[in-house]
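Engineer: Encoded as structure tokens, here's the structure I'll be asking about.
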Amino acid sequence: MIVMKCFFRNHSFSIEGTSIGGFEGTDYRIRYRRGILPVLIMAPHGGLIEPGTSELADATAGEDFWFYAFEGIRAAENYSRLHIPSTLFNEPRWLTVSRKVYTTIAIHGIRGSEFDPIVVGGRDLELSQKIVLLLKDSGFNAIRCHCGPIGGMSKRNVVNRNLTGSGVQLEIPRGLRDSFLRPNDIMLKLAGLVRTAIFGRFRSKTIKETEVPS
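The opening position of the sequence shown corresponds to residue 12 in this note's numbering, with each subsequent residue numbered one higher.
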């Protein structure tokens with residue numbers, strides 16, 4: 012079995028044996044900011060790679076949670092040239108942030124219309140279940156998936172590489188993501204529901220602001 016590796020160096024990256032790669036500032040950009048609580052909301056395939064994921068991640072993070080987005084800015088071929096598999100993602104700034112947080116919410120994109128389900132996965136089964144229940148109770152079509160390529164169960168997946176080894180992955184259908192390219196009530200409602208689930212989890216686990224690693 013051939014194991015590919017992703018290399019970041021000198022503000023560029025490449026994946027050996029593939030055409031995936033690019034230069035920061037020309038092909039991609041990175042946005043991130045510190046939060047108050049040790050939770051990371053990220054869009055590893057943001058910008059024009061999986062449109063709408065950066066916008067939702069940013070709205071969900073707000074000022075309370077850490078935010079990170081790896082964003083495609085090419086004129087074309089963003090997905091084919093910049094889509095780093097989640098199990099290979101190792102961008103240095105993300106690595107620094109991931110070592111400071113207890114849980115991660117990764118926003119991804121899948122094909123489908125606005126009527127197709129939001130697929131929720133990841134190794135944090137308790138939080139993923141809370142999110143699915145909140146989404147369904149508020150009128151969103153949402154399902155859990157903890158197997159296969161969009162299950163987010165690999166320990167090497169970006170969503171699970173943090174202090175607890177677990178997180179939640181949200182796969183958002185393209186039809187729904189397209190509406191996120193401009194702030195709107197649907198995006199803000201979805202972001203608010205995810206935030207509510209996270210805050211509820213933190214209260215139950217009594218993780219306090221003072222526990223944020225420096």
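C-beta: ideal position from N, C-alpha, C; glycine also.
On a predicted model such as this, the values are computed, not experimentally measured, just so you know.
Under a three-way DSSP split, which group does F81 fall into?
Structural biologist: Mapped onto the sequence shown, residue 81 falls at position 70. Strand.
Engineer: What separation, rounded to the nearest whole angstrom, lies between the Cα atoms of Y113 and G186?
Structural biologist: As a working mapping, residue 113 is identified with position 102 in the sequence shown. As a working mapping, residue 186 is identified with position 175 in the sequence shown. Those two C-alpha atoms are separated by around 31 Å.
Engineer: Using DSSP bridges, identify the partner residues of M53.
Structural biologist: By one-based count along the sequence shown, residue 53 stands at place 42. According to DSSP, which records beta bridges pairwise, M53 is partnered with Y79 and A117.
Engineer: Three or more C-beta pairs under 8 Å: does that hold for the region 100 to 117 against the region 53 to 60?
Structural biologist: yes
Engineer: Entirely within the region 141 to 166 and at least 4 residues each: give me those alpha helix (DSSP H) ranges in chain order.
Structural biologist: Uninterrupted alpha helix (DSSP H) stretches at least 4 residues long and entirely within the region 141 to 166 do not occur.
Engineer: Buried or exposed: D158, going by 16 or more other Cβ atoms within 10 Å of its Cβ?
Structural biologist: Reading the sequence shown from its first residue, position 147 is the one you call residue 158. According to the sequence provided, residue 158 is Cys. The question's Asp does not apply to it. Exposed, since its Cβ has fewer than 16 Cβ neighbours within 10 Å.
Engineer: Quick one: what's R40 bridged to in DSSP?
Structural biologist: The residue given as residue 40 occupies position 29 in the sequence shown. According to DSSP, residue pairing for R40 in a beta bridge involves E82.
Engineer: Which word fits E220, buried or exposed, when buried means at least 16 other C-beta atoms lie within 10 angstroms of its C-beta?
Structural biologist: Along the sequence shown, one-based indexing puts residue 220 at 209. Any reading at E220 must be qualified, since the residue scores a pLDDT of 45, below 50, and its modelled position is unreliable; the value itself is stated next. Result: exposed.
Engineer: Using DSSP with H/G/I as helix, E/B as strand and the rest coil, what is S30?
Structural biologist: The residue given as residue 30 occupies position 19 in the sequence shown. S30 falls in the coil class under three-state DSSP.
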